[in-house]
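Those protein sequence lines, which keep their order, are chains Z and P.
For the first sequence, numbering that gives the first Met the number 0 gives the first residue as 0, with consecutive numbering after it.
For the second sequence, numbering that gives the first Met the number 0 gives the first residue as 0, with consecutive numbering after it.
Positions of the beta carbon are idealized from the N, C-alpha and C atoms, including for glycine.
Below is one structure, written out as structure tokens; the observations come after it.
Protein chains: 2
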Amino acid sequence: MEFNKVTPEIIEQLKVIAPGRAFSGEEINEDYAHDEMRFYGQQLPDAVVEVTSAEEVSAIVKLANEKNIPIIPRGAGTGLAGGAVAKMGGIVISTVRMNHIKSYDLGNLTVTVEPGVLLNDLAQDAEKQGLLYPPDPGEKFATLGGNVSTNAGGMRAVKYGCTRDYVRAMEVVLPTGEIVTFGLKVPKTSSGYSFVQLMCGSEGTLGIITELTLKLIPKPQETVSLIIPFEDLETAISCVPHFFLNKLQPQALEFMGRDIVEMSEKYLEKENFPKVVDGVEAGAYLLVTYDGSNRDQLDEICEQTGEVVFENGALDVFVADTPDKIRDAWAARSQFLEAIQAATDELDECDVVVPRDKIAEYFNWALTLQDKYHMAIRGFGHAGDGNLHIYACKEGDMSLEEFAGKTDQIMDEMYAKAIEMGGEISGEHGIGHSKVKFLEKAAGETKMNLMRGIKQVFDPNNILNPGKVCERCD
Amino acid sequence: MEFNKVTPEIIEQLKVIAPGRAFSGEEINEDYAHDEMRFYGQQLPDAVVEVTSAEEVSAIVKLANEKNIPIIPRGAGTGLAGGAVAKMGGIVISTVRMNHIKSYDLGNLTVTVEPGVLLNDLAQDAEKQGLLYPPDPGEKFATLGGNVSTNAGGMRAVKYGCTRDYVRAMEVVLPTGEIVTFGLKVPKTSSGYSFVQLMCGSEGTLGIITELTLKLIPKPQETVSLIIPFEDLETAISCVPHFFLNKLQPQALEFMGRDIVEMSEKYLEKENFPKVVDGVEAGAYLLVTYDGSNRDQLDEICEQTGEVVFENGALDVFVADTPDKIRDAWAARSQFLEAIQAATDELDECDVVVPRDKIAEYFNWALTLQDKYHMAIRGFGHAGDGNLHIYACKEGDMSLEEFAGKTDQIMDEMYAKAIEMGGEISGEHGIGHSKVKFLEKAAGETKMNLMRGIKQVFDPNNILNPGKVCERCD
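Written as structure tokens, this is what we have:
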């Protein structure tokens, strides 16, 4: 892949297209060099444009297409796979200023937003309308455009599905600069191949999203959370399938080892999880949330859950049934990544998915790599949907070079094991540039070539986020 | 598009691949000439193979690819858009014998089936496990492979979404004969472009599905149905958005005019719908189902619904709260198409979708075409998701030629109006060969070319169901 340089003339043109919002050279904020995973590269783009409309995006893309310059769409930069890094130079199109919730359509239960609206802002705003936007990724300050581009999953995927299940329609700028709409407001359509679904998870390689119409649901009237301690992680995770075997439908179902809970509570300076139950040390926990239409219904579900988990090794069940208690119960969980980051100076991550009943086996196996590679490995996960986040952490005086070498082998082993167990490379963080080589191994030549073929159909000059998802940038 | 003829040698090879299950010439059952909409063509294929495995499909496809012969995958032939008609000759691959429910995975709440399993068979079998397969298309004797290929919607789409929302993984034979798997059992994945989603609704043009892994949910413990009469159709349909504005979540929400209810009840020889309420003639109805976890919850919802509908013009609310009563309430609805078919010797259909709040306006406009074209037009629809089924019916001594000419103009007007209102060509029946020209007008050149490009990536020799979805067969 050969691209042209962004010349001073092109910078001038960008400044005409987006006056006061086009930056180059030293004007570019250092944040634009990386996403949340600094380890995946430090490359400042040649230019950044903070766009405010589809028309601006169209003008920039047309120019880039004509001049053969990469375009990298970027939301809040909270990605974890290097998807928004300008690995091959070029122009970053930042959607941070396209952050308006445009309109609700309460008769159709949809909301139309600009792609730079933050998940947290939509979540809070929808709640004011008595509505819920079900996807609930851990990172609340990601943009919705970014969520759609990685098909972000989150805590509630076990009951409500992932971001793609809530995208009804979108406005997209194609690499030609043409502005098109895909999908429509209503839930049903069978009118040719689904462009909406193809765009979800395509990480900016096929088109640039400039507007989204998302599905909402009535907000469940009541919720309750349960903290359930177990003696060890294996018992905790082995209990998970019993929720489904007993037809319980948790909104969220997370597992966590005691070590990570303690790390997070120390980071938060607040303790909520019981550590000793009737003289037995708790080694792991399940954290569960249910929603429902009334308190009686939830009481009944909690009782049923008690029966199920006590039969399967739970030490106790702690009920959080007020908004404050629920917030406290989830406080530690929501700071896991931050706590891990605070305790290490560099980390690498995998977010594999495996079938629910393989989680314990997989996670225990992953922990054995600690001894093999003399490296700290920490993790937690969405037990309800088989998605694990596992981190290899650089500690002590290990050099960055040694860390990079080891973590490459660790990731290679982890992905191979996940595939062997019937899993996939990424549950919700996407492929970016950092996982392309692992996806290649997992998907194989046929599927990679189909992806590359689709990419070629949309973007024959390969200017949209080159070197990501299905193409190498090295 | 130029294809080769199926020679006697090829027939011999097919008979070796599938002994006793490969048919040609007069051995071919006349049913294979058409789908449920006979008006869309009567073309016997050159050969039919009733396959029993992915390996057989692979061998046939390889042969066809080599010899440049069309392959037309076919389930139960209940389609309504001509998708399974061998418009250009070739080999029909019938999945009728691949009708085994292979296994349930109760820990992951999934079921793995062969593509020829009938919707009805899975629905009943899942119920025995205490589980629900939420998609509920009107035609219960369609195959699941066909449902996936058209992204069939059905009655429960308003709450639970369409078939695509329940497809986790599939085994597919590509046009090269290679057997691949797409997706996996768990709900989360962000590992490149979604092939599973691309296959859903692609009507056999990209690959042939030989196995499906579908998501199930715990069966709701209680359901209740309501028949709600109104003075006229406009009042009935105008009431629909108020369900959502009031955060009610029906599982199904259908509208129907009195004329079609009477036709259907006459056909069934059984009357269930009230015709006169307190001296007022009922001109239209909403038929609603709710599900929930207990009777109290549903009683509360019924009461709320009563308040909402009485404020919006309902004449009364009739509650069906036992399995027998619910079945009776839905009996007329489930026979609409059969009743319309019985009353006419030929019909043409559109299943447009429009935003929920445009349904009344659209349907009333469609009825004005009766006078304009002197043709009977009947319809009903899924009020909850904006999907209408409207039929132009040949009556009296109208010639087939005159009917074809008129209905072409009627469909043209209907689709143009739907698009103008922000709708799409097909809600759930698909494009087949009969609606390609309307999709072309609606989607425009850019989107049609993207579809054709994707088709070309998967099927460069264009042997899979040619002349369907994005390509003309004329």
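Counting contacts by CB-CB distance shorter than 8 Å, is residue 476 (chain Z) in contact with chain P?
This structure cannot settle anything about residue 476 (chain Z), because the visible part of chain Z is limited to 0 through 473.
On the DSSP bridge list, what partners appear for residue 93 (chain P)?
The count along the second sequence starts at 1 and reaches residue 93 (chain P) at position 94. In the DSSP output, where bridge partners are listed per residue, residue 93 (chain P) has P:49, P:73.
Any chance the segment 416 to 430 of chain Z sits against the segment 367 to 374 of chain Z, with 3 or more Cβ pairs inside 8 Å?
The segment 416 to 430 of chain Z is not in contact with the segment 367 to 374 of chain Z.
Out of Z:57, Z:261, Z:372, which one is the CA nearest neighbour of residue 281 (chain Z)?
Start at 1 with the first residue of the first sequence, and residue 281 (chain Z) comes out as number 282. Among Z:57, Z:261, Z:372, the Cα nearest to that of residue 281 (chain Z) is on Z:261.
When the Cα atoms are used, what is the spatial distance from residue 451 (chain P) to residue 205 (chain P)?
Numbered from its first residue, the second sequence carries residue 451 (chain P) at position 452. Numbered from its first residue, the second sequence carries residue 205 (chain P) at position 206. Their Cα atoms are separated by approximately 11 Å.
Would residue 186 (chain Z) and residue 156 (chain P) qualify as a contact pair, given that the criterion is a beta-carbon distance under 8 Å?
For the purposes of this step, residue 186 (chain Z) is identified with residue 187 of the first sequence, where counting begins at 1. For the purposes of this step, residue 156 (chain P) is identified with residue 157 of the second sequence, where counting begins at 1. Taking 8 Å as the Cβ cut-off, residue 186 (chain Z) and residue 156 (chain P) qualify as a contacting pair.
Residue 437 (chain P) classed as buried or exposed, judged by whether at least 16 other C-beta atoms fall within 10 angstroms
Within the second sequence, numbered from 1, the residue matching residue 437 (chain P) stands at position 438. With 16 or more Cβ atoms within 10 Å of its Cβ, residue 437 (chain P) is classed as buried.
Kindly list the residues whose CB is nearer than 8 Å to the CB of residue 167 (chain Z), restricted to its own chain and excluding five residues on each side of it in sequence; keep chain order.
Taking the first residue of the first sequence as 1, we reach residue 167 (chain Z) at position 168. These residues qualify, in order along the chain: 109, 182, 183, 184, 185, 186, 195, 212, 213, 214.
Would you mind stating whether residue 71 (chain P) and residue 3 (chain P) have Cβ atoms separated by less than 8 Å?
Here residue 71 (chain P) refers to the residue found at position 72 when the second sequence is read from its first residue. Here residue 3 (chain P) refers to the residue found at position 4 when the second sequence is read from its first residue. Cβ distance not < 8 Å, so residue 71 (chain P) and residue 3 (chain P) don't count as in contact.
Within 8 Å, strictly: CB atoms of residue 209 (chain P) and residue 270 (chain P)
For the purposes of this step, residue 209 (chain P) is identified with residue 210 of the second sequence, where counting begins at 1. For the purposes of this step, residue 270 (chain P) is identified with residue 271 of the second sequence, where counting begins at 1. Going by C-beta atoms, residue 209 (chain P) is not nearer than 8 Å to residue 270 (chain P).
Report the residue ranges of all alpha helix (DSSP H) runs contained in full by the segment 206 to 283 of chain P; include only those spanning at least 4 residues, in chain order.
232 to 244, 257 to 267
Is it right to say residue 172 (chain Z) is buried, meaning 16 or more other beta carbons lie within 10 angstroms of its own, or is it exposed?
Working through the first sequence from its first residue, we reach residue 172 (chain Z) at position 173. Buried: at least 16 other Cβ atoms inside 10 Å.
Look up residue 100 (chain P) in the DSSP assignment and give the residues it is bridged to.
The residue labelled residue 100 (chain P) in the question sits at position 101 within the second sequence. Its beta-bridge partners are P:112.
Helix, strand or coil: which one does DSSP assign to residue 345 (chain P)?
If you number the second sequence from 1, residue 345 (chain P) lands on position 346. DSSP places residue 345 (chain P) in strand when its eight states are reduced to three.
Could you tell me which of P:471, P:88, P:165, P:54 sits nearest to residue 111 (chain P), measuring between CA atoms?
Your numbering for residue 111 (chain P) matches position 112 in the second sequence. Closest option to residue 111 (chain P), Cα to Cα, is P:165.
Coarse secondary structure for residue 437 (chain Z), derived from DSSP in three states
By 1-based counting over the first sequence, the position of residue 437 (chain Z) is 438. Correct three-state label for residue 437 (chain Z): helix.
Beta carbons nearer than 8 Å to chain P: which residues of the segment 142 to 172 of chain Z have them?
149, 150, 151, 152, 156, 157, 160, 161, 163, 164
First through last residue of the beta strand (DSSP E) which encompasses residue 392 (chain P)
On the second sequence, residue 392 (chain P) is found 393 positions in, with the first residue counted as 1. Residue 392 (chain P) -> beta strand (DSSP E) spans 386 to 393.
Within 10 Å of its beta-carbon, does residue 322 (chain P) have 16 or more other beta-carbons around it, so buried, or fewer, so exposed?
Mapped onto the second sequence, residue 322 (chain P) falls at position 323. Result: exposed.
Inter-residue spacing [alpha-carbon to alpha-carbon] between residue 13 (chain Z) and residue 55 (chain Z)
Stepping through the first sequence from its first residue, residue 13 (chain Z) is reached at position 14. Stepping through the first sequence from its first residue, residue 55 (chain Z) is reached at position 56. Rounded to whole angstroms, residue 13 (chain Z) to residue 55 (chain Z) spans 9 Å at the Cα level.
Check distances from the C-beta atoms of the segment 438 to 468 of chain Z to those of chain P and list, in chain order, the residues that come in under 9 Å.
438, 441, 442, 443, 445, 446, 447, 448, 449, 450, 451, 452, 453, 454, 455, 456, 457, 468
Report back the beta-carbon spacing between residue 129 (chain P) and residue 356 (chain Z) to the nearest angstrom; my notes put them in contact at under 8 Å.
Counting from one through the second sequence, the residue named residue 129 (chain P) turns up at place 130. Counting from one through the first sequence, the residue named residue 356 (chain Z) turns up at place 357. With a Cβ gap of about 19 Å, residue 129 (chain P) and residue 356 (chain Z) do not count as contacting.
For the alpha helix (DSSP H) containing residue 424 (chain P), name the first residue and the last one.
Residue 424 (chain P) sits at position 425 when you count from the first residue of the second sequence. Where residue 424 (chain P) is concerned, there is no enclosing alpha helix (DSSP H), given that its DSSP letter is neither H nor E.
C-beta neighbour in chain Z for residue 105 (chain P), strict 8 Å:
The sequence position of residue 105 (chain P) within the second sequence is 106, counting from 1. Cβ-Cβ to chain Z under 8 Å: yes for residue 105 (chain P).
Taking Cβ-Cβ distances below 8 Å as the criterion, which residues of the segment 364 to 390 of chain P are in contact with chain Z?
381, 384, 385, 386
Determine, using beta carbons only, whether residue 122 (chain P) and residue 77 (chain P) come nearer to each other than 8 Å.
By one-based count along the second sequence, residue 122 (chain P) stands at place 123. By one-based count along the second sequence, residue 77 (chain P) stands at place 78. Against a cut-off of 8 Å, the Cβ pair of residue 77 (chain P) and residue 122 (chain P) comes out as no contact.
If we call anything under 8 Å between Cβ atoms a contact, is residue 138 (chain P) one with residue 95 (chain P)?
Against the second sequence, residue 138 (chain P) aligns to sequence position 139. Against the second sequence, residue 95 (chain P) aligns to sequence position 96. No, the pair does not count as a contact, with Cβ atoms beyond the cut-off.
Residue 428 (chain P), buried or exposed, once every other Cβ within 10 Å from all chains shown has been counted against 16
Along the second sequence, read from residue 1 onward, the residue named residue 428 (chain P) stands at position 429. With 16 or more Cβ atoms within 10 Å of its Cβ, residue 428 (chain P) is classed as buried.
Selection of the segment 267 to 301 of chain Z by Cβ proximity to chain P, strictly under 9 Å
Only those residues of the segment 267 to 301 of chain Z whose C-beta falls short of 9 Å from the nearest C-beta of chain P are listed: 291, 292, 293, 295, 296, 299, 300.
Please state whether the Cβ-Cβ distance between residue 440 (chain Z) and residue 414 (chain Z) is less than 8 Å.
The residue given as residue 440 (chain Z) occupies position 441 in the first sequence. The residue given as residue 414 (chain Z) occupies position 415 in the first sequence. Result yes, Cβ atoms of residue 440 (chain Z) and residue 414 (chain Z) sit closer than 8 Å.
Own chain partners of residue 73 (chain Z) with C-beta closer than 6 Å, once the 5 adjacent residues on each side are dropped:
Locating residue 73 (chain Z) in the first sequence gives position 74, where the first residue counts as 1. Same-chain partners within the cutoff: 83, 91, 93.
Is it buried or exposed for residue 273 (chain P), if we count other Cβ within 10 angstroms and need 16 for buried?
Here residue 273 (chain P) is taken as the residue at index 274 of the second sequence, counted from 1. Classification of residue 273 (chain P): exposed, given that the 10 Å Cβ count is below 16.
Sequence-distant residues of its chain with Cβ nearer than 6 Å to residue 144 (chain P) (five each side left out):
The residue you call residue 144 (chain P) lines up with position 145 of the second sequence. Correct list, in chain order: 74, 94, 114, 208.
At a cut of 8 Å, does the segment 384 to 395 of chain Z reach the segment 335 to 348 of chain Z through at least three beta carbon pairs?
yes
8 Å CB neighbourhood of residue 385 (chain Z) in its chain, flanking five on each side removed:
Start at 1 with the first residue of the first sequence, and residue 385 (chain Z) comes out as number 386. Excluding positions up to five away in sequence, the list reads 352, 353, 354, 355, 357, 358, 422, 426.
According to DSSP, residue 180 (chain P) sits in a beta bridge with which residue or residues?
Reading the second sequence from its first residue, position 181 is the one you call residue 180 (chain P). According to DSSP, residue 180 (chain P) bridges with P:170.
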